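Heads up: the sequence shown begins at 736 in the numbering used here, then just goes up one per residue. The beta carbon of each residue, even a glycine, is placed where N, CA and C say it ideally should be. Note that the structure is predicted; figures quoted are calculated from it, not measured. This report refers to the structure that appears directly beneath it.
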Amino acid sequence: MPVAAHALLDNWGATDDERAQEKADIEAAGNLWLAPTREMLDYVDDLTDADRDYLASKFTTHPGRTVLDAADLSSPVEEQPATYVALSLKDAPAVAKSATTWQRRSLVSGHWPMVSAFDETAALIEEEIRRYGS
Numbered sequence: 736m737p738v739a740a741h742a743l744l745d746n747w748g749a750t751d752d753e754r755a756q757e758k759a760d761i762e763a764a765g766n767l768w769l770a771p772t773r774e775m776l777d778y779v780d781d782l783t784d785a786d787r788d789y790l791a792s793k794f795t796t797h798p799g800r801t802v803l804d805a806a807d808l809s810s811p812v813e814e815q816p817a818t819y820v821a822l823s824l825k826d827a828p829a830v831a832k833s834a835t836t837w838q839r840r841s842l843v844s845g846h847w848p849m850v851s852a853f854d855e856t857a858a859l860i861e862e863e864i865r866r867y868g869s
């Protein structure tokens, strides 16, 4: 979740060491956030080998600033209209559970629902476009 004056990486991983390692990896790659390797996808349960191959062939490196620069929000995230999509609200950040302006949706999928739950993801996005478009 974006937090004013904090970088996405500030809340990354479970420990300070994991955050420091991710930052070091980005800096070592010339301030690029490298895409996951095909081997990293072997641990993703809801993907087939063909899905893993497809994703690995399409991944692209991102500018490191996307996770290292602090967010600059025009208003607190919990006040902005949004839809939070999760496998379980039990594991969702506190703001996703309490923000009164947010819609909460559930999608049975893993980290790449656009591959493992394509039809469900497309339908959810279409419904939310209609909601925010009216």
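Beta-carbon separation (whole angstroms), residue i vs residue j, contact threshold 8 Å
{"i": "LEU790", "j": "LEU767", "result": "Actually they do not touch by this definition, with Cβ atoms about 18 Å apart."}
{"i": "ALA821", "j": "ALA831", "result": "7 Å"}
{"i": "LEU744", "j": "LYS758", "result": "6 Å"}
{"i": "TYR819", "j": "ALA829", "result": "In fact, because the Cβ distance is near 11 Å, the residues do not count as touching under 8 Å."}
CA nearest to the CA of residue i, picked from the options
{"i": "ALA742", "options": "ASP780, GLU762, ALA764, THR801", "result": "THR801"}
{"i": "VAL779", "options": "ILE864, TYR867, SER851, ARG866", "result": "SER851"}
{"i": "ALA857", "options": "SER810, LEU842, ASP807", "result": "LEU842"}
{"i": "GLY765", "options": "GLY748, ASP788, HIS797", "result": "HIS797"}
{"i": "THR795", "options": "ALA785, LEU808, ALA763, ARG773", "result": "ARG773"}
{"i": "GLY845", "options": "ASP786, ALA755, TRP747", "result": "ASP786"}
{"i": "ALA740", "options": "PRO811, TRP847, GLY868", "result": "PRO811"}
{"i": "GLU762", "options": "ILE860, LEU803, ASP807", "result": "LEU803"}
{"i": "THR783", "options": "LEU859, PRO848, GLY868, GLN756", "result": "PRO848"}
Close Cβ partners of residue i (< 6 Å) along its chain, the five nearest in sequence each way excluded
{"i": "ASP781", "result": "GLY845, SER851"}
{"i": "ASP854", "result": "none"}
Beta-carbon proximity list for residue i, same chain, < 8 Å, skipping 5 on both sides
{"i": "SER823", "result": "SER841"}
{"i": "GLU753", "result": "TRP747"}
Residues near residue i in its chain [Cβ-Cβ closer than 7 Å; skip 5 each side]
{"i": "PRO771", "result": "PHE794"}
{"i": "LEU808", "result": "PRO737, ALA739"}
- prompt: Counting pairs of Cβ atoms below 8 Å between the segment 805–819 and the segment 828–842, do you hit three or more?
  reply: yes
- prompt: At which residue ranges does the segment 802–845 contain complete alpha helix (DSSP H) runs of 4 or more residues, listed in the order of the chain?
  reply: 829–833
- request: Identify every run of the alpha helix (DSSP H) within the segment 739–782, keeping only runs that are complete inside it and at least 4 residues long; order them along the chain.
  value: 751–763
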